[in-house]
Amino acid sequence: MYFVVRRQLLKLIVSLCMLIPLLAIGKTWQVNLQQADISIFIRQVAEMTDRSFIVDPRVKGKVTVISNASLDEDAVFRLFLSVLTVHGYAVLESPEGFKILPQNIAKQGGLNFDPSGGAPGELMVTRVLAIKNAVAAELVPILRPLIPQYGHLAAVPTMNALIISDHADNIRSLEDLVERLDSTIEGEMAVIPLKHAWAGDVITLLQELTTTTTGKGARSSDVTTIVADERTNRLILKGKPGELNQIKDLIIKLDIPAEKTSRLQYIPLQYADATKVADLLKGVVGDIEKKEGNAPTLETNIQADEDLNALLVNSEPGVMSEIYSVLKQIDVPRAQVLIEAVIVEITVTDEEELGVQWLIGGSDEIISGTNFTSAGSSANTIASSINSSTANTLATGGTAILGDTNFGAIIQALQSKTNSNLLSTPKILTLDNQEARILVGETRPFQTGEYSEDSDSTFVTTSREDVGLTLKVTPHINSGNEVKMEVFQTVESASDEASDLGTITTVREVETVVIAGDRQTIVLGGLIQDNITESKQKVPFLGDLPFVGGLFRSSSFSIDKKNLLVFIRPTIIRGKAKADQITNTQYQGFRAVEIQMSAPRDGGLEGLFEPELSDE
Numbered sequence: 056m057y058f059v060v061r062r063q064l065l066k067l068i069v070s071l072c073m074l075i076p077l078l079a080i081g082k083t084w085q086v087n088l089q090q091a092d093i094s095i096f097i098r099q100v101a102e103m104t105d106r107s108f109i110v111d112p113r114v115k116g117k118v119t120v121i122s123n124a125s126l127d128e129d130a131v132f133r134l135f136l137s138v139l140t141v142h143g144y145a146v147l148e149s150p151e152g153f154k155i156l157p158q159n160i161a162k163q164g165g166l167n168f169d170p171s172g173g174a175p176g177e178l179m180v181t182r183v184l185a186i187k188n189a190v191a192a193e194l195v196p197i198l199r200p201l202i203p204q205y206g207h208l209a210a211v212p213t214m215n216a217l218i219i220s221d222h223a224d225n226i227r228s229l230e231d232l233v234e235r236l237d238s239t240i241e242g243e244m245a246v247i248p249l250k251h252a253w254a255g256d257v258i259t260l261l262q263e264l265t266t267t268t269t270g271k272g273a274r275s276s277d278v279t280t281i282v283a284d285e286r287t288n289r290l291i292l293k294g295k296p297g298e299l300n301q302i303k304d305l306i307i308k309l310d311i312p313a314e315k316t317s318r319l320q321y322i323p324l325q326y327a328d329a330t331k332v333a334d335l336l337k338g339v340v341g342d343i344e345k346k347e348g349n350a351p352t353l354e355t356n357i358q359a360d361e362d363l364n365a366l367l368v369n370s371e372p373g374v375m376s377e378i379y380s381v382l383k384q385i386d387v388p389r390a391q392v393l394i395e396a397v398i399v400e401i402t403v404t405d406e407e408e409l410g411v412q413w414l415i416g417g418s419d420e421i422i423s424g425t426n427f428t429s430a431g432s433s434a435n436t437i438a439s440s441i442n443s444s445t446a447n448t449l450a451t452g453g454t455a456i457l458g459d460t461n462f463g464a465i466i467q468a469l470q471s472k473t474n475s476n477l478l479s480t481p482k483i484l485t486l487d488n489q490e491a492r493i494l495v496g497e498t499r500p501f502q503t504g505e506y507s508e509d510s511d512s513t514f515v516t517t518s519r520e521d522v523g524l525t526l527k528v529t530p531h532i533n534s535g536n537e538v539k540m541e542v543f544q545t546v547e548s549a550s551d552e553a554s555d556l557g558t559i560t561t562v563r564e565v566e567t568v569v570i571a572g573d574r575q576t577i578v579l580g581g582l583i584q585d586n587i588t589e590s591k592q593k594v595p596f597l598g599d600l601p602f603v604g605g606l607f608r609s610s611s612f613s614i615d616k617k618n619l620l621v622f623i624r625p626t627i628i629r630g631k632a633k634a635d636q637i638t639n640t641q642y643q644g645f646r647a648v649e650i651q652m653s654a655p656r657d658g659g660l661e662g663l664f665e666p667e668l669s670d671e
């Protein structure tokens with residue numbers, strides 16, 4: 056029995072251990088910020104990644120992050136490190152948490168050793184590289200130009216090793232470079248900066264023209280080693296003096312301006328707007344140039360071609376590489392949002408009328424009586440009833456006729472309640488973070504002024520303005536698959552009344568910001584207008600008599616309340632299949648929806664929108 060229970064317990068423990076990783080799967084975020092305070096960005100990343108950050112007081116500024124990809128915890132942290140690096144800040148790991156401080160003081164912020172080389176790319180770390188064949192002190196002058204100003208490079212002669220403090224990605228590149236240089240080749244080393252040609256292109260040509268070793272793991276003593284550092288556009292050579300001089304001469308001949316090797320690049324964009332992307336890149340190109348660590352010999356110039364939606368970029372190779380990397384993250388397809396709206400005007404009328412009208416007549420005509428002009432049946436309406444055999448029936452509008460064919464009394468008691476007016480049912484498809492606008496109405500002329508040159512001629516100036524129903528919605532999709540909508544809705548109509556200054560218009564508008572889930576219907580609106588009307592009619596003198604005066608007068612009282620209600624439902628569309636599904640549904644149900652909209656409603660929301668779409 057003991058072994059059976061123990062075996063079952065072990066199975067349960069193993070099952071729970073297998074379930075633990077599954078609990079963390081699927082938790083992703085979308086990070087989109089527009090000129091947000093960097094402290095808010097740090098706080099959000101701390102909540103997403105469950106990490107602690109110690110922020111230096113000098114860390115300030117605004118950040119912009121544009122990404123439509125869903126990121127897990129590690130991807131969010133890597134993106135966070137990249138953003139801080141672009142803005143000139145470094146992150147150091149410590150037992151208390153991650154320290155965030157300016158890059159120029161990062162090397163004084165403490166040592167963050169990374170012996171395995173597995174730290175995230177933009178994290179500031181310190182590595183010790185052991186040199187096997189070369190002399191560590193001789194490598195320092197060659198490697199120092201590749202280290203940014205805020206980094207650190209030093210040789211330890213007694214250990215024949217290098218100590219490097221820099222971003223983890225840069226250290227990995229330097230480690231690969233040191234491994235290539237630390238070969239058994241005897242000879243000199245040289246670093247050749249290129250002014251016009253690309254380092255990657257030159258090393259490809261040298262491979263074809265000379266007997267060189269450029270690949271990783273070169274260990275031959277009969278060849279010259281050449282390594283290309285594309286980040287700083289430099290070539291690093293190691294070999295015998297005679298061979299080095301020949302290769303240097305060849306590199307000088309290759310490093311010349313030419314049309315085919317121009318640094319002017321034409322970059323077509325597939326999804327992003329070229330004008331907006333150009334403005335964004337112009338704002339961050341200064342930070343990219345600072346990241347390179349050296350003053351650029353060519354000022355970066357970025358222009359947008361609106362007609363072809365492309366960029367023209369002229370820049371240094373290192374900066375150009377960073378620009379291409381940024382464009383890969385920006386020029387991605389955005390999700391779309393289908394906005395369905397129903398705009399209804401609800402008029403609630405509470406109207407009551409109470410009164411008595413008397414009629415006296417003969418067999419063929421009415422001789423005398425009262426005829427109040429308020430709502431309901433008037434004396435003229437029921438005159439035929441008084442002179443007919445149907446005098447005792449109930450007249451139209453809740454009016455009762457009492458008496459015989461020669462004498463009748465109209466007792467009026469009317470009451471009306473609710474009336475609804477469906478103003479519009481607009482639908483529009485727009486991109487995420489893109490404003491959509493619908494106008495249903497007309498353009499009317501309005502008088503703006505008048506002037507006369509003499510007493511006989513008068514000129515009137517007018518302007519044309521849109522009058523009707525306008526709906527503007529800007530959707531923003533968040534990581535929780537919800538849609539934040541900036542809604543502005545207005546109903547404007549021209550009044551029949553006119554003033555000396557021109558046409559009078561009545562405007563009712565709703566402006567708000569709401570959050571709705573995917574395919575969730577929400578309602579906006581409220582009381583727009585409240586009118587109270589009270590009137591009395593009576594027979595002179597008789598209507599003022601005490602006790603019996605009520606038999607000779609009529610009174611009415613009404614309250615009109617108008618509510619403008621806007622029902623909105625957003626539907627998130629990702630991918631061509633979902634767009635085709637929605638288009639087919641709208642097309643197939645168009646006539647059915649049109650018939651439903653023209654039919655009377657009971658005040659519910661059923662039928663106002665299309666059926667729910669499947670997620671398949």
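In our numbering, the protein residues as written are 56 to 671.
Cβ atoms here follow ideal geometry from the backbone N, Cα and C, with glycine treated the same way.
These numbers come from a predicted model, not from an experiment.
Selected residue, minimal CA-CA separation from residue i, among the options
{"i": "D360", "options": "D521, D328, R519", "result": "D328"}
{"i": "T516", "options": "P500, F543, V120", "result": "P500"}
{"i": "K616", "options": "E263, L393, L335, T402", "result": "T402"}
{"i": "V565", "options": "Q262, M540, E589", "result": "M540"}
{"i": "R113", "options": "T485, P157, F135", "result": "P157"}
{"i": "E490", "options": "L477, E497, Q544", "result": "Q544"}
{"i": "V578", "options": "E400, F602, R492", "result": "E400"}
{"i": "S370", "options": "T355, V339, R608", "result": "T355"}
{"i": "V257", "options": "G297, K303, E234", "result": "K303"}
{"i": "S611", "options": "F602, Q592, L620, L619", "result": "Q592"}
{"i": "Q204", "options": "W84, E243, S220, I306", "result": "S220"}
Burial state of residue i (16 or more Cβ within 10 Å)
{"i": "D362", "result": "exposed"}
{"i": "N225", "result": "buried"}
{"i": "N396", "result": "Just to set this straight, residue 396 is Ala in the shown sequence, not Asn. Under this definition A396 is a buried residue."}
{"i": "N288", "result": "buried"}
{"i": "F596", "result": "exposed"}
{"i": "K293", "result": "buried"}
{"i": "Q90", "result": "exposed"}
{"i": "M103", "result": "buried"}
{"i": "S380", "result": "exposed"}
{"i": "D105", "result": "exposed"}
{"i": "A209", "result": "exposed"}
{"i": "Y642", "result": "exposed"}
Cβ shell of residue i (< 8 Å), same chain only, five flanking positions each side left out
{"i": "P212", "result": "A191, A192"}
{"i": "E285", "result": "W253, A254, G255, P372, G373, S376"}
{"i": "A634", "result": "Q391, I628"}
{"i": "V538", "result": "V392, P530, H531, I532, I570, A571, G572, D573, P625, I627"}
{"i": "R519", "result": "T498, R499, P500, F501"}
Alpha-carbon spacing of residue i relative to residue j, whole angstroms
{"i": "R574", "j": "F622", "result": "12 Å"}
{"i": "V542", "j": "V568", "result": "6 Å"}
{"i": "V138", "j": "Q358", "result": "24 Å"}
{"i": "D277", "j": "R182", "result": "A caution first: D277 carries a pLDDT of 48, below 50, which makes its placement in the model too unreliable to give a value."}
{"i": "K154", "j": "T330", "result": "37 Å"}
{"i": "A223", "j": "E230", "result": "10 Å"}
{"i": "V86", "j": "F108", "result": "18 Å"}
{"i": "N536", "j": "T638", "result": "21 Å"}
{"i": "A632", "j": "I202", "result": "49 Å"}
{"i": "S479", "j": "I398", "result": "5 Å"}
{"i": "M179", "j": "I160", "result": "12 Å"}
{"i": "S507", "j": "V495", "result": "36 Å"}
{"i": "A189", "j": "A245", "result": "14 Å"}
{"i": "T279", "j": "R235", "result": "11 Å"}
{"i": "V100", "j": "G152", "result": "13 Å"}
{"i": "P481", "j": "Q636", "result": "19 Å"}
{"i": "V528", "j": "I218", "result": "56 Å"}
{"i": "L600", "j": "E589", "result": "21 Å"}
Neighbour flag for residue i against chain C, beta carbons, 8 Å
{"i": "R182", "result": "No chain C is part of this structure, which consists of one protein chain only."}
Own chain residues within Cβ distance below 7 Å of residue i, not counting five before or after
{"i": "I385", "result": "I121, A327, V332"}
{"i": "Q320", "result": "V368, M375"}
Same chain, Cβ closer than 6 Å to residue i, neighbours up to 5 away in sequence not counted
{"i": "V546", "result": "L524, R563"}
{"i": "A185", "result": "A216"}
{"i": "N364", "result": "L324, A329"}
{"i": "K187", "result": "D237"}
{"i": "R389", "result": "N123, L486, D487"}
{"i": "I93", "result": "G116, V118"}
Unbroken stretches of the beta strand (DSSP E), 3 residues or longer, contained in the stretch 181-251: 207-211, 216-222, 243-248
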